[in-house]
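K.L.:
Numbering (this note's numbering), first residue to last: 364 to 995.
By construction, the Cβ of each residue, glycine as well, lies at the ideal position given by its N, Cα and C atoms.
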């Protein structure tokens, strides 16, 4: 009964819910009226509807008509309802799509919009406008793009999704344009960086290697040998020969270069208050290019010195002072300090008590005091330290000592940090009593002479055992950085002994010759020799400390008459200064009663070795520059 032409058309343009509800109600009313008419027609008298027909046939026809009308009305109502629901669903989907699209466009505009272009207002909710008239278009031929879809140089206009209309005059902000600007900006930045990097590379190639970093510890450099200057270049370097390196003022050194780094190791300590210039000449990169000089300068600080001052009526005091003596500061005081030694970071102090000795270790300012364990209850003497080995050494004797029991003057070493127990030097499995001993500078090796006169060397960092070096009467001193000892043999000859290979040569006489020295102290560049002048009967009539350079040239530094006595002479680590200990008016200067007995009044005279001028005379002895205590 119904045809396609009679179905309600789906609106070409979205309608509001009110419009769709009104249309649906109108359709339902029209359909109800139609059904009423059909029903009325079916129930009319037979004469009015079908004259001349049989009554039974007319009733059947009327029932069929009613049934068909009801089915058609139900179908139309279902179609209208489905169309309305579809319209509502499409409308809601379009609204959601529009909102999402506009939110994305708004975010993109905020992220990429040029600040000088006004922002395009975007409505927070979709706006619906009356539908535009539908214009029939021809279907494009296969493979042919419609004219209105053909590519265009113009910016694409905003095209609303199906079921929506764009706000009047609104266009989607151009997404491609901000992206293109961003890419152009990024490309420009990258291009500048490439040009700058290339420029630096070209400049580097034109200039050659340059210094990028220098490492040096000037304070450590004046305290001990082995300090370094490490020069780091801005590129890997070709092989460096030691001949390319120079240091001013001149000082012995070794060179170790690898990659971008050049290490210069000073084999002796440096002078204080001095500016040093290190130059590495004609350096090239591994990739070639021009040569360049790597030059750096640094200045060393002024020296300080520690001295011990004994007081018969009070505490003995270790104090630190500059070389003028005007800034003396006490750092540690206690009754009866027998001896002490200093490293670049610590002080080691031997304290004498009635029932034995105590060995203390502390910081250079006297703080963080701790006590080291001793081999037993006894007395300690002749203490020394090995800066490089981190060791303290001393001679030890038991308090209970007899001809048959107890240890007498055995040589002991132990770590300064106290992590290990004290070790006693043994020769052929027997604890050796030593007459004289010294640490080899810048190493943990020990050179000693036992009471049988045997000269031996043992390295405490290895298990190589004891190395025999013949017989000797005494050890005068050991040069820093050369591994050479000055030893007096039993026949009285003085030799320079190479501790590495055992070779030796006689020590050259000075010019002028001041005779046989009673003590010789080596320093970088020469020796300090203590000589005694005697009359025809052999009685001393005067003493002097003479500086003898490596070439043999001799210059007296300090001279005293027969009433005074020189107790010790030693040099600063670099040999820049000398410290000479003098006991004045010896006949009226009684000795104290310590384990290391010395006159009660002693003075330390500081001398500039280059000019020979005296800097200051200080009360006290045991200068921290000295490797051993004064001998009596």
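If you reduce the DSSP assignment to three classes, tell me which class residue 849 lands in.
P.N.:
strand
K.L.:
In three-state DSSP terms, what is residue 387?
P.N.:
helix
K.L.:
In its own chain, which residues sit with a C-beta less than 7 Å from the C-beta of residue 878, not counting the 5 before and 5 after it?
P.N.:
894
K.L.:
Keeping to the same chain, check which residues put their C-beta closer than 6 Å to that of residue 643; ignore five residues upstream and five downstream.
P.N.:
607, 608, 625 and 657
K.L.:
Give me the Cβ distance between residue 756 and residue 776, rounded to the nearest whole Å; I'm assuming they're in contact under 8 Å.
P.N.:
5 Å
K.L.:
So does the region 895 to 906 actually touch the region 947 to 958, counting three or more Cβ pairs closer than 8 Å?
P.N.:
No contact exists between the region 895 to 906 and the region 947 to 958.
K.L.:
What is the rounded straight-line gap between the Cα of residue 883 and the Cα of residue 601?
P.N.:
45 Å
K.L.:
Check residue 590 in the structure and name its three-state DSSP category.
P.N.:
If DSSP states are grouped into helix, strand and coil, residue 590 belongs with coil.
K.L.:
Quick one: any contact between the region 684 to 691 and the region 705 to 724, if contact means 3 or more CB pairs under 8 Å?
P.N.:
no
K.L.:
With a threshold of 6 Å on Cβ separation, who are the neighbours of residue 919 within its own chain once the five nearest residues in sequence on each side are excluded?
P.N.:
907 and 909
K.L.:
Distance check for residue 831 and residue 990, CA to CA, integer angstroms please.
P.N.:
23 Å
K.L.:
List, from N- to C-terminal side, the beta strand (DSSP E) runs of 3 residues or more that fit wholly inside the region 725 to 754.
P.N.:
Here the runs fully enclosed are 733 to 735 and 741 to 749.
K.L.:
Please list, in chain order, all residues of the same chain as residue 758 whose beta carbon is under 8 Å from its beta carbon, the five residues on each side excluded.
P.N.:
Correct list, in chain order: 743, 744, 745, 772, 773, 774, 775, 797 and 800.
K.L.:
Hey, could you find the ends of the beta strand (DSSP E) residue 694 is sitting in?
P.N.:
692 to 697
K.L.:
Looking at the strands, I want to know which residues DSSP matches up with residue 883.
P.N.:
892
K.L.:
Which partner residues does residue 802 have in the DSSP bridge list?
P.N.:
809
K.L.:
Can you tell me which residues form a DSSP beta bridge with residue 841?
P.N.:
848
K.L.:
Output the distance between the C-alpha atoms of residue 728 and residue 694, rounded to the nearest integer angstrom.
P.N.:
5 Å
K.L.:
Excluding sequence positions up to five away, which residues of its chain have a Cβ less than 8 Å from the Cβ of residue 963?
P.N.:
The beta carbon of residue 963 sits closer than 8 Å to the beta carbons of 673, 675, 952, 953, 954 and 955 from its chain, once the five residues preceding and following it are set aside; these are given in chain order.
K.L.:
Within a Cβ cutoff of 8 Å, which residues of the same chain sit near residue 696, ignoring the five residues on either side of it in sequence?
P.N.:
678, 679, 680 and 681
K.L.:
Contact defined as beta carbons within less than 8 Å: I believe residue 929 pairs with residue 904. What is the distance between those atoms, to the nearest angstrom?
P.N.:
Not a contact, Cβ separation roughly 13 Å.
K.L.:
Helix, strand or coil: how does DSSP classify residue 716 here?
P.N.:
The answer is strand: DSSP assigns residue 716 an E or B state.
K.L.:
Report, in whole angstroms, the separation of the C-beta atoms of residue 612 and residue 637, which I expect to be a contact under 8 Å.
P.N.:
Between residue 637 and residue 612 the Cβ distance is about 7 Å, and since that is below 8 Å, they are a contact.
K.L.:
Under 7 Å: does the beta carbon of residue 603 sit that close to some heavy atom of the ligand GTP?
P.N.:
The model depicted lacks the ligand GTP and carries no ligand whatsoever.
K.L.:
For residue 763, collect the residues of the same chain with a Cβ closer than 7 Å to its Cβ; drop the 5 residues on either side in sequence, then sort them by chain order.
P.N.:
769
K.L.:
Closest to residue 836 by CA distance: which of 813, 704, 766 and 843 is it?
P.N.:
813
K.L.:
Helix, strand or coil for residue 983, going by three-state DSSP, please let me know.
P.N.:
coil
K.L.:
Leaving out five residues before and five after residue 599 in sequence, what residues of the same chain have Cβ atoms less than 7 Å from its Cβ?
P.N.:
Same-chain partners within the cutoff: 622, 623, 648 and 649.
K.L.:
Excluding the five sequence neighbours on either side, which residues of its own chain have a C-beta within less than 8 Å of the C-beta of residue 590, listed in chain order?
P.N.:
So the qualifying residues of the chain are 579, 580, 583, 584, 628, 629, 632 and 633.
K.L.:
So what does DSSP say about residue 700, is it helix, strand or coil?
P.N.:
In this structure, residue 700 counts as strand in the three-state DSSP scheme.
K.L.:
May I have a chain-ordered list of the beta strand (DSSP E) segments no shorter than 3 residues that lie completely inside the region 628 to 700?
P.N.:
638 to 648, 651 to 662, 667 to 672, 679 to 685 and 692 to 697
K.L.:
Skipping 5 residues on each side, what residues in its chain have a beta carbon closer than 8 Å to that of residue 986?
P.N.:
Excluding the 5 residues flanking it on each side, residue 986 has same chain C-beta neighbours closer than 8 Å at 668, 669, 670, 933, 942, 944 and 967, in chain order.
K.L.:
What are the boundary residues of the beta strand (DSSP E) that includes residue 616?
P.N.:
616 to 621
K.L.:
In three-state DSSP terms, what is residue 941?
P.N.:
strand
K.L.:
Does the Cβ of residue 698 have 16 or more other Cβ atoms within 10 Å, making it buried, or fewer, making it exposed?
P.N.:
exposed
K.L.:
Could you check what DSSP says for residue 550 in three-state terms: helix, strand or coil?
P.N.:
helix
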